[in-house]
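Peer 1:
Protein chains: 2
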Amino acid sequence: MFFPGKITICEVGPRDGFQNEKGVISLEDKIFCINQATESGYQVIEIGSFVHPKAVPQMSDTDEIAKHIKRKDDVQYRALVTNLRGIERAASCGVNKVKLTVSASESHNMTNFNKKPYETINDFQACVELADKYNMSVSGAISTAFGCPFEGPISLDRIAELVESFMRIGIHEISLSDTTGVANPKQVYERSQILTNRYSNIKWFLHFHNTRGMALANVVAGMSAGITHYDAAFAGLGGCPYAPGASGNLSSEDLVHMLHEMGIETGVNLDQAIKLGAYVKKMVNHDTDSYILVAGKVSDLVKEKPIGQINNNSSS
Amino acid sequence: MFFPGKITICEVGPRDGFQNEKGVISLEDKIFCINQATESGYQVIEIGSFVHPKAVPQMSDTDEIAKHIKRKDDVQYRALVTNLRGIERAASCGVNKVKLTVSASESHNMTNFNKKPYETINDFQACVELADKYNMSVSGAISTAFGCPFEGPISLDRIAELVESFMRIGIHEISLSDTTGVANPKQVYERSQILTNRYSNIKWFLHFHNTRGMALANVVAGMSAGITHYDAAFAGLGGCPYAPGASGNLSSEDLVHMLHEMGIETGVNLDQAIKLGAYVKKMVNHDTDSYILVAGKVSDLVKEKPIGQINNNSSS
C-alpha cells in the first residue's frame with residue numbers, strides 16, 4: 001500500500017452540509033463557521049452555491065457569505081454554479097473558484113438538465129469562457145461517479161467520457177463524487193488507479209459520503225492509488241435522499257484525525273477542527289456522524305487516568 | 317493494494333457484544349442469536365467466556381449456552397478462558413475451541429493478572445496441556461495490540477515477544493485486538509506485513525473496534541497485508557470503557573456488506589446477517605453503530621423507485 005505524505009482537504013460543510021439541514025442557519029453562523037474553517041487551516045472551503053434560490057433556498061445567501069467572510073490568501077473559497085448567471089453572481093462577490101457539476105448517471109442528469117451528461121458539460125463551455133474573463137478558476141465534479149441509485153453501477157467508460165468532455169472545455173481539476181455512499185474500497189482503488197494513470201494532468205478530488213460506513217476505507221484506497229485531495233464536512237453533516245436518517249458526508253474531524261494518526265500532514269489544526277465540528281453539531285441540534293466528537297482523539301487517551309480497571313476478561 | 321478472494325469472519329457479538337450490555341439478555345435470546353449466526357453462515361462464533369461469574373456476570377450462562385445451541389460441524393464455537401477451571405468448564409459442555417487472552421500493555425496486564433504479559437502466557441501453558449487432553453483447540457489473543465489507553469503506543473517488539481511466547485506454548489492461531497479503537501490503517505498494514513512475514517506459520521485474526529470510525533479502513537489495510545480472518549459483532553454491539561457512548565465492535569453486517577461489494581466471499585448470507593443485526597438492535601433497545609441497518613445495502617438501491625427528484629444542485 002502507498003501512503004502519501006500530505007493530503008489536502010476541502011471543507012464542504014458550508015455547502016453540502018448546511019444545504020441538507022431542515023432548520024434555518026443564519027448568515028452570521030455560516031460566516032462564523034467558514035471563518036473558523038479558515039482558521040483551522042483548511043486550504044479549500046466550499047462556501048455555498050450560486051443556484052436559483054427556489055431550487056436550494058438554504059444557499060440563497062451565498063453572495064452575502066462571500067462578501068463577509070474573512071479570507072486568507074492561500075485558501076481557495078469555492079462555490080458551486082450551474083450556469084452563466086451563477087458565474088456572474090460569483091464574480092460580483094469576489095468568488096474566484098467555481099465548481100460545475102454533472103451527473104454520471106444519464107437518468108439522474110436527465111432529471112436535472114434534461115440532457116445527456118456529456119451535453120451538459122458541453123454547455124458548460126460558456127461558463128468556463130465567462131469565468132476566464134473574470135480570472136476565476138473552474139473545476140468540474142462528476143456526481144454518482146461510483147454508482148447511481150437509479151441505474152446501479154456506472155461504467156468507467158462513462159466516467160472517462162465525461163473527464164474528456166471536461167478536458168475539452170478546459171477543465172483540469174475534477175471531483176469524483178460518491179453522492180449516495182455506494183463506493184467500495186476496491187472500486188475506488190481500481191478506478192482511481194486507471195484514471196490517474198490515463199489522465200495524469202488532471203488534479204483529482206474524491207468526495208465520499210459515509211452512508212454505509214466505507215468513507216474512510218475509500219480514502220485509504222484513493223490515497224493508495226495516489227489521489228491527494230479529499231472533500232469532507234464538519235461534524236459529518238449532510239444526508240442521503242435515498243436513505244432517511246442515514247449518515248452524510250465523511251466527517252472532516254474524523255478524516256483529519258485518521259490522517260494525522262497515520263503521520264500524514266493536512267495543514268489542519270485538529271483541535272480547532274474538532275472545536276468547529278462540536279460547534280456545528282450543537283448548532284444543528286441533532287446527532288451527526290462524527291466519531292471523534294464522541295470518542296475523542298487517540299492522543300488524548302494516554303493523557304487521562306484510567307476510569308476504573310480494565311477487566312481483561314471483559315474487553316478484547 | 318492486494319484484495320483477497322475470501323475472508324473468514326468470527327461473529328463475536330455473543331461474547332464481546334453481550335458482555336457490554338447493561339440490560340440482562342436471556343439465555344433463550346443468546347441461544348437464538350448464536351443459532352441465527354450459525355444459520356447466517358459465520359464459520360467461527362465466539363459464544364461466551366468461562367470466567368468467574370462475579371467478574372463478568374453477563375457471561376455466567378456460557379455453559380448453558382454451549383449445551384443448548386444447535387451446532388454445525390463446519391462451524392467453530394469459540395469461548396474465552398483464563399485458567400484451568402475455564403478449560404474444565406469448556407470441556408464439560410462440549411466447547412472445542414478456546415481463546416486465551418493477554419494484554420500487550422504491561423500496566424493493563426498487571427491490573428488483571430499482576431504479572432508481566434509474557435509471564436501470563438507462560439502460565440497459560442498448563443491450560444494448553446489440559447486442553448490438549450480434551451482434544452480442544454486453543455488460540456491466543458493479544459489485546460491493546462495497537463496501543464494502550466495507559467501506555468500509548470505498543471511497540472512491535474512487545475508484540476513479537478508475545479507472539480513467540482504463544483508459539484513456545486504451542487499456540488499458532490493469534491488474534492491481534494484493537495481493544496480501544498486506536499489502530500490506524502498505516503499501522504495495521506505495516507504491523508501486519510511484518511508479523512505475517514516473520515511468523516508465517518501463524519493463523520492471524522484481527523479484531524477492530526470502530527471507536528474512531530477506522531475499523532473498516534483497518535480491515536482493508538489488514539487484507540492488503542494478507543490477513544484473512546476478522547472479528548466483528550452483530551449490530552456493532554460493544555463499547556469502550558474509555559469513551560462513554562462511543563461505538564463498539566465493528567458491525568458484522570457492515571463488514572460483510574463491504575466485502576461482498578468488493579467481490580470478496582465470506583460464506584455469510586448478508587440478508588440473514590442483517591436480519592440478525594436488526595433483531596439484536598431491537599432486543600438491546602438502544603442505538604448501535606451499524607450503517608447497513610440504517611442505510612440498507614447498495615444492491616437494494618437500484619431496485620427501488622427514486623424518492624422525489626435528485627436535485628443536482630443540492631447533492632454531490
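Going down the list, the protein sequences come from chains A and B. Using our numbering, the first residue of the first sequence is number 1, and each one after it goes up by one. Using our numbering, the first residue of the second sequence is number 317, and each one after it goes up by one. Glycine included, every Cβ here is placed at the ideal spot set by N, Cα and C.
Please go through the same chain and pick out, in chain order, the residues whose beta-carbon is closer than 6 Å to the beta-carbon of M212/A, but skip the five residues on each side of it.
Peer 2: Residue 212/A sits at position 212 when you count from the first residue of the first sequence. Here the sequence assigns Arg to residue 212/A, which means Met is not the residue at that position. Once the five neighbours on either side are set aside, the close Cβ partners of R212/A are G181.
Peer 1: Helix or strand or just coil, what does DSSP make of E467/B?
Peer 2: For the purposes of this step, residue 467/B is taken as the residue at position 151 of the second sequence. Reduced to three states, the DSSP call for E467/B is coil.
Peer 1: Which residues of chain B have a Cβ atom closer than 8 Å to the Cβ of D6/A, listed in chain order?
Peer 2: In the first sequence, the residue the question calls residue 6/A occupies position 6. Residue identity differs from the one stated: residue 6/A is Lys in this sequence, not Asp. Neighbours of K6/A on chain B: none; closest Cβ ~14 Å, over 8 Å.
Peer 1: Kindly identify the DSSP beta-bridge partner or partners of G23/A.
Peer 2: In the first sequence, counting from the first residue as 1, residue 23/A sits at position 23. For G23/A, which the question treats as bridged, DSSP gives no partner whatsoever.
Peer 1: Starting from V535/B, follow the alpha helix (DSSP H) in both directions and report where the run begins and ends.
Peer 2: As a working mapping, residue 535/B is identified with position 219 in the second sequence. Per DSSP, V535/B belongs to the alpha helix (DSSP H) from 531–540.
Peer 1: What residue range is occupied by the uninterrupted beta strand (DSSP E) comprising I47/A?
Peer 2: Taking the first sequence and counting its residues from 1, one reaches residue 47/A at position 47. It spans 44–50 - the beta strand (DSSP E) in which I47/A sits, taken as one unbroken run.
Peer 1: Mapping DSSP to helix, strand and coil, what is I385/B?
Peer 2: Indexing the second sequence from 1 puts residue 385/B at position 69. Reduced to three states, the DSSP call for I385/B is coil.
Peer 1: Of all the CB atoms in chain A, is at least one closer than 9 Å to the CB of Y434/B?
Peer 2: Position 118 of the second sequence holds residue 434/B. So, not an interface residue.
Peer 1: The alpha helix (DSSP H) spanning F482/B covers which residue range?
Peer 2: Position 166 of the second sequence, counted from the first residue, corresponds to residue 482/B. Counting along the chain, the alpha helix (DSSP H) containing F482/B begins and ends at 472–484.
Peer 1: Does the count of Cβ pairs from the segment 497–509 of chain B and the segment 440–457 of chain B closer than 8 Å reach three?
Peer 2: Cβ pair count under 8 Å is below three, so no.
Peer 1: Any heavy atom of the ligand GTP closer than 8 Å to the CB of K449/B?
Peer 2: Only the bare structure without any ligand can be found here, which leaves the ligand GTP out of the picture.
Peer 1: Does P330/B come within less than 9 Å of chain A when only Cβ atoms are used?
Peer 2: For the purposes of this step, residue 330/B is taken as the residue at position 14 of the second sequence. Not one chain A Cβ lies under 9 Å of P330/B.
Peer 1: What in chain D is Cβ-close to P185/A, meaning under 7 Å?
Peer 2: No chain D appears in this structure, whose protein chains are A and B.
Peer 1: Pop quiz: H688/B and L592/B are said to be a contact at Cβ under 8 Å. What is the actual Cβ separation, rounded to whole angstroms?
Peer 2: The question about residue 688/B has no answer, for chain B in this structure spans 317 to 632.
Peer 1: Using a Cβ-Cβ cut-off of less than 7 Å, list which residues of the segment 35–55 of chain A approach chain B; keep chain order.
Peer 2: Residues S49, V51, A55.
Peer 1: Beta-carbon within less than 6 Å of V324/A's beta-carbon, same chain only, minus the 5 sequence neighbours each way: which residues are those?
Peer 2: Residue 324/A is absent from the structure shown; chain A starts at 1 and stops at 316.
Peer 1: Output the boundary residues of the alpha helix (DSSP H) element that contains I87/A.
Peer 2: Residue 87/A sits at position 87 when you count from the first residue of the first sequence. 84–92 is the span of the alpha helix (DSSP H), which, as asked, contains I87/A.
Peer 1: Under 8 Å by Cβ, that's how I've got S177/A and A235/A pegged, so tell me the actual separation to the nearest angstrom.
Peer 2: Here the question's residue 177/A lines up with position 177 in the first sequence. Here the question's residue 235/A lines up with position 235 in the first sequence. No, S177/A and A235/A are not in contact; Cβ-Cβ is about 19 Å, not under 8 Å.
Peer 1: Chain B beta carbons: is any one of them nearer than 9 Å to that of V182/A?
Peer 2: On the first sequence, residue 182/A is found 182 positions in, with the first residue counted as 1. Answer yes: the Cβ-Cβ gap between V182/A and chain B drops below 9 Å somewhere.
Peer 1: Please state whether DSSP places T8/A in a helix, a strand or coil.
Peer 2: Mapped onto the first sequence, residue 8/A falls at position 8. It is a strand residue.
Peer 1: Are the C-beta of V294/A and some C-beta of chain B separated by less than 9 Å?
Peer 2: In the first sequence, the residue the question calls residue 294/A occupies position 294. So, interface residue.
Peer 1: In chain order, what residues of the same chain lie with their CB nearer than 6 Å to the CB of G140/A, ignoring the 5 residues before and after it?
Peer 2: Numbered from 1 along the first sequence, position 140 holds the residue referred to as residue 140/A. Answer for G140/A: L100, F166, I171, I174, listed in chain order.
Peer 1: Tell me, please, whether the CB atom of Y505/B is closer than 9 Å to any CB atom in chain A?
Peer 2: The count along the second sequence starts at 1 and reaches residue 505/B at position 189. It does: the Cβ of Y505/B has a partner Cβ on chain A nearer than 9 Å.
Peer 1: Going by beta carbon distance, what residues of the same chain come within less than 6 Å of L571/B, once the five residues before and after it are set aside?
Peer 2: Position 255 of the second sequence holds residue 571/B. The answer, listed in chain order, is A548.
Peer 1: So is K70/A buried or exposed if we call it buried at 16+ other beta carbons inside 10 Å?
Peer 2: Looking up residue 70/A in the first sequence gives position 70. Answer is exposed; the Cβ neighbour count stays below 16.
Peer 1: Short of 7 Å in beta carbon distance, which residues of its chain neighbour G624/B, apart from the five on each side in sequence? Order them along the chain.
Peer 2: Here residue 624/B corresponds to residue number 308 of the second sequence, with the count starting at 1. Below a pLDDT of 50, predicted positions are generally treated as unreliable, and G624/B, at 44, falls in that range; no measurement from the model is reported.
Peer 1: Who are the Cβ neighbours of E161/A in its own chain at under 7 Å, not counting the five residues just before and after it?
Peer 2: As a working mapping, residue 161/A is identified with position 161 in the first sequence. Taken in chain order, the residues that qualify are Y118.
Peer 1: Can you list, in chain order, the residues of its chain with a C-beta nearer than 8 Å to that of H209/A? Leave out the 5 residues immediately preceding and following it.
Peer 2: Numbered from 1 along the first sequence, position 209 holds the residue referred to as residue 209/A. D178, T179, T180, G181, A215, G238, C240, S247, G248, N249, L250.
Peer 1: So M1/A contacts chain B; which residues on that side make the cut at Cβ distance below 7 Å?
Peer 2: Taking the first sequence and counting its residues from 1, one reaches residue 1/A at position 1. Ordered by position in chain B, the residues that pass the 7 Å Cβ test against M1/A are M317, Y505, A537, S540.
Peer 1: By how many angstroms is the C-alpha of V294/A removed from the C-alpha of P465/B?
Peer 2: Here the question's residue 465/B lines up with position 149 in the second sequence. Here the question's residue 294/A lines up with position 294 in the first sequence. If I take the Cα positions, the gap works out to 16 Å.
Peer 1: To the nearest angstrom, how far is it from the Cα of S26/A to the Cα of K281/A?
Peer 2: If you number the first sequence from 1, residue 26/A lands on position 26. If you number the first sequence from 1, residue 281/A lands on position 281. Between S26/A and K281/A, the C-alpha separation is close to 15 Å.
Peer 1: Can you list, in chain order, the residues of its chain with a C-beta nearer than 8 Å to that of S631/B? Leave out the 5 residues immediately preceding and following it.
Peer 2: Start at 1 with the first residue of the second sequence, and residue 631/B comes out as number 315. Its pLDDT being 45, under 50, S631/B is placed unreliably in this model, and the value from its coordinates should be taken loosely. For S631/B, where only same-chain residues beyond five positions count, there are no Cβ hits under 8 Å.
Peer 1: Anything in chain B within Cβ reach of M110/A, meaning under 9 Å, just list it in chain order.
Peer 2: Taking the first sequence and counting its residues from 1, the one referred to as residue 110/A is at position 110. Under the 9 Å cutoff, chain B gives no residues; its nearest Cβ is about 10 Å from M110/A.
Peer 1: Using C-beta distances below 8 Å, list every residue in its chain close to I292/A, excluding the 5 sequence neighbours before and after it, in chain order.
Peer 2: Residue 292/A sits at position 292 when you count from the first residue of the first sequence. Cβ within range, chain order: S251, E253, D254, H257, I274, G277.
Peer 1: Starting from T211/A, find everything on chain B with Cβ-Cβ shorter than 8 Å and list it in chain order.
Peer 2: Position 211 of the first sequence, counting from 1, holds the residue named residue 211/A. Chain B residues near T211/A: Y607, A611.
Peer 1: Sort V75/A, Q76/A, T62/A, S49/A by Cα distance to T82/A and report the nearest one.
Peer 2: Locating residue 82/A in the first sequence gives position 82, counting from the first residue. The candidate whose alpha carbon is nearest that of T82/A is S49/A.
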